Every structure is written in structure tokens, then in C-alpha cells.
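Visitor: The following block contains the structure, expressed as C-alpha cells.
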Amino acid sequence: MDMKTLLLVPLAPLAGAIIAGLFGRQIGRVGAHCVAIAGVLVSFIISVMVFQSLEAGEQINDGTVYTWMQIGSLTFEIGFLIDQLSAVMMLVVSFVSLMVHIYTIGYMSEDPGYQRFFSYISLFTFAMLMLVMSNNFLQLFFGWEAVGLVSYLLIGFWYKRPTAIYANLKAFLVNRVGDFGFLLGIALIVAYAGSLAYTDVLSEQGAKQLFEKAADPWFTAICICLFIGAMGKSAQVPLHVWLPDSMEGPTPISALIHAATMVTAGIFMVARMSPLFELSEVALTFVLVVGATTALFMGFLGIVQNDIKRVVAYSTLSQLGYMTVALGVSAYSVAMFHLTTHAFFKALLFLGAGSVIIGMHHDQDMRNMGGLRKYMPITWITSLIGSLALIGTPFFSGFYSKDSIIEAVHASSIPGAGYALFCVLVGVFVTAFYSFRMYFLVFHGKERFGKAHEEGHGDGHGEEHHGLAPGQKPHESPWVVTLPLILLAIPSVVIGYCMIGPLLSDEKGWFGASIFVSGNHVAVLAGIRETLSQGGAFGMALHGLMTPPFWLALAGVVTAWVFYIYKPELPAAIRRKFAGLHTVLENKYYFDRFNEIVFAGGARALGNGLWRNGEQKLIDGVGVSGSSGLVKLLARATGLFQTGYLYQYAFTMIVGVFVLLTFWVFFGWAGR
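Okay, here's the thing in C-alpha cells:
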């Protein structure tokens, strides 16, 4: 495919963003959403064409659009690398973004910032596409930072709400911490490899040369610095704290950030850098342990959440941990597989949560819901499909990818694999429990709505009332909301079945040369390939009915049913018995408190110290006050001779003449 056509993929959403943003008043609401949707639709159609052409055996496209500048032997270029890895990301990003754009028509219909929101989400799509299509580290970093910048605008979209401003600043600052490590990693690559191009660094030969030049400690530092960038974008412990608070943004952007774009950028980046990570077992172990910790401990936090969007947010954190675990055991294709399936069912769950919020008149508290199944049948069935996919139910898409991750960890011998296996197995039960806790609280049980009719809370618009008034009933959402739910529910069921064979048929699968796996790690997918060869995807699902993950998931669902349907008084009793543990979970392991005291408080203390000692004492005291004191002293001394009296001036002149004559008589004659 020629470069001009490929340019349309990122530039079409950019054009939509510019038109909707700058000319929104002139073209109106309909015009704004039409141009924005048209731009993303163009990207999706071309992405499908790219995917089909690669599937048909067309050559990988790696080319330069233009050269920005050249400093010595270092060239700064803008270009595209269109291979199997980027093609999958292009397809996922453009499709989920298209669904979010359509959904936004209904969800944001009453918001005064309608055109601005469409401009932002189109710009966000442009930034993500530039990131995944890049063929060099410069463009990768541009897309990386642009995604972070636009997410700041979207999370704080309702800028009159203090909580939204706090959340977008938090997201921006935490991501800057990760981005600093990412930038250091890129700088070390340039220092040792002397190039920004993927072809020079990420080929098998280029990676080995970089390893030889940098030596093991520095090479490991390069990989860990790159992964620190991924920890920020993909919200891994301890740089995860921004993601739950990003729920302050409107639900469509929550779906876009959490499902297919910003948070998956880190997973994609590490998969792209697989030739580097494969040469450092220390870096892989670091990745594995961080991912396993995130997968389990962020899942625990989902159990105590009452905000429907925050439950889904913590499930995103946990599932990102699963993807990172797959990266840590060198199962890069499995990580990308789970990224793909997760994009569909997580977007479905977020948009389903948004539909529930609409039906509940912008009340997000699950304790005020219950029994919505009969009022919102489409939202109910699609949310059930998303939940079943999330917990890894056999025959649903999430089963194939999540089971593959667990199998890969079980087969791995890398240090930390035992700890990771424990985390991902326990995480299966935890995921099933909090997912169906949410499902039962929202769609089943007693009707509890009509109790929260208050102002200025929830995912609302302005200062209107939120929550159903007494006697008011929920309602199903309009078709522009339910249609994306139906379209996302379909791949949430079938995409895993369709993709597992092509993706995991061998160690690299469909990704081919896009992913590199060293000989030491080739065996991690042997068990999956053997199962597929014996019974295919259907046989793998049948086999999954007899494995521990299935029974753990079933136990989680049954436990949630007992707690929230059969014996709804049990959760309160357990909470009282384990009050200390519940407090720790409610405070999110005190990460936020630690950051506020140590980092935010430390920065404020440093600023106050510099202000008092630097500005007040040094600058104001010594500088400003000292200078003004000297000027005053000189002014007083000068004032003694500038009185305005003629007799004083005459006397001064006489004294001056006397001094000059004296000087001339003594020194002038001496000179002769």
C-alpha cells in the first residue's frame, strides 16, 4: 500500500479534530460529529485494507514520509512501519474509536461542550495512530506524549469541577514520571546505537550490537527505563494511581483510554521492543513481577468499589497486569492477543456502564441500582456478555487469551514465574467475584433506585440533579448508545475463537518477524500449540472446562451470587469483621496518601523553603533590601550637599577651588 494512502489513517481523524474544534460553531453539532466520525471511519476502512493485504502476503511497508532534520549522522524522520503488529493495533484502535464516536452522539447530546469533545477524541485517535504506526523512536515519542496531552484535556473535560481538574493534573504528572524513564531509555539507545530508526536497533543483529556496545548493566538499564515509560502509560504499580481517577472524564473517553488506546500503548511498545528485552533476563523478571503484582492487588481494590465506573477501571488495571505478565515470560503474541480481546469487551463494559448511568439519570453508585434487567434489556445482555468475557468463560473471547497467559506462565522457567502463577490464578477468582458483584448489584436483586436525587455528583453534565427521583423508573438508552454495545458484544464473543489459531499457531504466529523470541523462551507456548493441534479453538474451550482457572472463575461467580443475591447481609458482616483490611483496601493501599505526603508535600515544603530562604532572605533581604539600603545611604550622603541654599553652594565652590589650587601647587611644581 502506498505511503499517501497510509497517511490518511492518522490525518483523517486529525482533519476531523481541526474542523470540529475550530469551526464547531459554524457547522453545528451535527456537522461536528459527522466530520469526526467520517475521519475515524476512513481510518478504520484503510486499516481493514492494510490487515487484509498483509494477510494476503503483501510485503511489510517501512518508509519515510519526510526528514525533519539531520545532525551529523543522526537523522530525525517521520515515517511508518506497517507490519502485522502495527496492523492489529490500527484495526483495534480505529474500530473501538469509531464505536466510541457513535456512542458519544447519544451520551453527550445535552452537553454544552459537544463539538469540543468530538474534537478531542478525534485528536486522541490521531495521536494513538501516529504512535502505533511509527518506524522510529522520535515519532514513537511524539505519539506517546501527544496521547498523554490529549488525555489531560479529556479527563478534565468538565473543567468547572475541582475533582476533574485534580484528576487530569494527577494523570499528567504521574505519566511524566514514567515518560522521564522512557526518554532516558531512548537517549541511551541513541548514545550507544547512534540511530533512532527501528531497523537499526530492533533487528536481531541491531539488538545484539547494541547489547555488545552497551554491556550488560547499561543494556538492562535501557530495557528497564523503557519499561518505566510503559508503567506510566499502562498504569502498572506504583504508577497506576492516575487511572482510577481518570473516571472523572465522560464515560466515552473512559472507554477509549481504558480499552484500546492510551493504556495499551505500553504493552504495544514492549512487544515492539522484544528484540531488546529478550537479551536481558533481569529486565524480563522486573516486568513479570510488576505485572503479577498489578494483576492481583489491583483486582482486590475492585471488590470494595461502589462506583460502577471505578469497578471497571480497576478491572482494567488488573487485566493490564495480565498482559504485562505475558510480556515478562516472553509470550509477546499472547500479550497482544489479550490486548485485542480486552479492547472489545472492556469497551463494551465501559459503554454499558455509561448506558446504565444514562438510565439512572447520571447516578453511578451501584448501591442505588438493582433490578435494571427488565428496564434496560439490551444494556443487560451486552453487559453480561462483557462480564463473561472478562472473567475468562470458555467459548468467550477473554477465555482464549487469559487461559493462554496462564499456560505461558506455567510453562516459563524465568525467575519470578512461581510468584506470577500464584497471582494470575488467584486473580481469576478475584476478577470473577468483583465482576459479578457489579453485575448482580446493577441488574438483579431488589430495586434500590429513587434514593439519590442530589446535585452535582456522578458522571453528569453541569449542576443538574443526579439520580432518579422517587417514583421515576430507569429507561433503555437510545439507539446511538445501544448500537455500539451490540457491535462490541459480537467480537467479545467470537474474536478469541477466530484469532487464537492464526496468532498462536507457532511461537510468533501471525506476527511473524514483528516479534522476536530467543531460543531460551521458545517453549512457553508449546502446551497451547499442542492443545490447538489436537482439537482447535473449540477443543481448547472444552479442555478449559476441566482446568483450575475455570473452577476458580466459577467459584468467584457463585460467591458473588451468595453475597449479593442469596445472603445480601453477609458483605456487611464480613466488612465489620475485617474492618482493618477493608480500610486498607478503601484507602487503595495508601498509595495516594503516600504520594500526597512524600512527593506533593515534599515539593510544597521544598518550594516553601526556597521561597523563605531564597526569595525572602536572599533576594528580598540581601538583594532587594540590600540594594535599596545602599541607594538610600548614597541618597542621604548626596542630600547633604544638595540643600538648595546659595551660600552652601558658594562655600562648596570655594573649598573646591582651594583643593584644586593646593593640588596644582604641590604636585604641579614637583613635576617640574
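At position 30 of the sequence shown (counting the first as 1) the number is 14 in the working numbering, and the numbers step up by one without a gap. The beta-carbon is built from N, C-alpha and C at its ideal position, and this holds for glycine as well. These numbers were taken from a predicted model, which means no experiment stands behind them.
#1: Which same chain residues, not among the five before or five after residue 117, have their C-beta less than 6 Å away from its C-beta?
#2: Starting from residue 65, trace the beta strand (DSSP E) in both directions and tell me its first and last residue.
#3: Can you check whether the CB of residue 377 is closer than 8 Å to the CB of residue 540?
#4: What residues in its chain sit with their C-beta under 6 Å from that of residue 254, if we drop five residues either side in the sequence?
#5: For my contact list, residue 389 and residue 318 are in at a C-beta cut-off of 8 Å; report their separation, rounded to the angstrom.
#6: Let me confirm a value: residue 61 is counted as buried when at least 16 other C-beta atoms fall within 10 Å, else exposed. Which label applies?
#7: Comparing alpha-carbon positions, which option in 523, 149, 216, 182 lies nearest residue 131?
#8: Let me make sure I understand the geometry here. Which of 486, 368, 512 has the alpha-carbon closest to that of residue 476?
#9: Roughly how many angstroms separate the alpha carbons of residue 24 and residue 81, rounded to a whole number?
#10: Residue 12 to residue 345, Cα distance in whole Å?
#11: Is residue 444 buried or exposed, if buried means 16 or more other CB atoms sit within 10 Å of its CB?
#12: Ordered along the chain, which non-local residues of its own chain (more than five positions away) have a Cβ less than 6 Å from that of residue 44?
#13: Is the beta carbon of residue -6 less than 8 Å from the beta carbon of residue 91?
#14: Just mark residue 572 as buried or exposed, buried being the case when its beta carbon has 16 or more other beta carbons within 10 Å.
#15: Give the straight-line distance between the Cα atoms of residue 320 and residue 252, rounded to the nearest whole angstrom.
#16: Determine the burial state of residue 99: buried for a count of at least 16 other Cβ atoms within 10 Å of its Cβ, exposed for fewer.
#17: Between residue 517 and residue 483, what straight-line distance do the alpha-carbon atoms span, to the nearest angstrom?
#18: How many angstroms separate the CA atom of residue 294 from the CA atom of residue 50?
#19: Could you please give the first and the last residue of the uninterrupted alpha helix (DSSP H) stretch that includes residue 592?
#20: With three or more beta-carbon pairs closer than 8 Å as the criterion, would you say the stretch 239 to 248 touches the stretch 321 to 340?
#21: Ends of the beta strand (DSSP E) at residue 648?
#22: Taking 8 Å as the cut-off, decide whether the C-beta atoms of residue 135 and residue 0 are in contact.
#23: Quick one: any contact between the stretch 226 to 242 and the stretch 150 to 169, if contact means 3 or more CB pairs under 8 Å?
#24: Smallest Cα separation from residue 689: which of 470, 267, 140?
#25: Can at least three beta-carbon pairs, one atom from the stretch 464 to 474 and one from the stretch 291 to 309, be found at a separation below 8 Å?
#26: Go through the stretch 256 to 319 residue by residue and report every complete run of the alpha helix (DSSP H) that reaches 4 residues or more, in order.
#27: If you count every other CB in all the chains shown that lies within 10 Å of the CB of residue 657, and 16 or more means buried, which is it?
#28: Within 10 angstroms of the Cβ of residue -3, are there 16 or more other Cβ atoms? Answer buried if so, exposed if not.
#29: Could you give the distance in angstroms between the alpha-carbon of residue 262 and the alpha-carbon of residue 129?
#30: Which residue or residues does DSSP assign as beta-bridge partners of residue 387?
#31: When burial is assigned at 16 or more other CB atoms within 10 Å of the CB, is residue -14 buried or exposed?
#32: Specify the secondary structure class of residue 369 as computed by DSSP and reduced to three states.
#33: When the Cα of residue 187 is compared with those of 93, 163, 257, which residue comes out closest?
#34: If you check the beta carbons only, do residue 88 and residue 102 fall under 8 Å apart?
#35: Under the assumption that residue 58 contacts residue 178 (Cβ atoms under 8 Å), give the Cβ distance between them as a whole number of angstroms.
#36: Given that a residue counts as buried once 16 or more other Cβ atoms are within 10 Å of its Cβ, and exposed if not, what is residue 169?
Guide: Once the coordinates are examined:
#1: 64, 70
#2: 58 to 66
#3: no
#4: 214, 311
#5: 6 Å
#6: buried
#7: 216
#8: 368
#9: 7 Å
#10: 26 Å
#11: Here residue 444 scores only 49 on pLDDT, less than 50, and its place in the model is too uncertain to base an answer on.
#12: 67
#13: no
#14: buried
#15: 7 Å
#16: buried
#17: 14 Å
#18: 43 Å
#19: 585 to 593
#20: yes
#21: Per DSSP, residue 648 belongs to no beta strand (DSSP E) and is neither H nor E.
#22: no
#23: yes
#24: It is not possible to answer for residue 689, since the shown part of the chain is limited to -15 through 656.
#25: no
#26: 258 to 261, 265 to 287, 292 to 312
#27: Only positions -15 to 656 of the chain appear in this structure, which leaves residue 657 out of reach.
#28: buried
#29: 26 Å
#30: According to DSSP, which records beta bridges pairwise, residue 387 is partnered with nothing at all.
#31: exposed
#32: helix
#33: 257
#34: yes
#35: 7 Å
#36: buried
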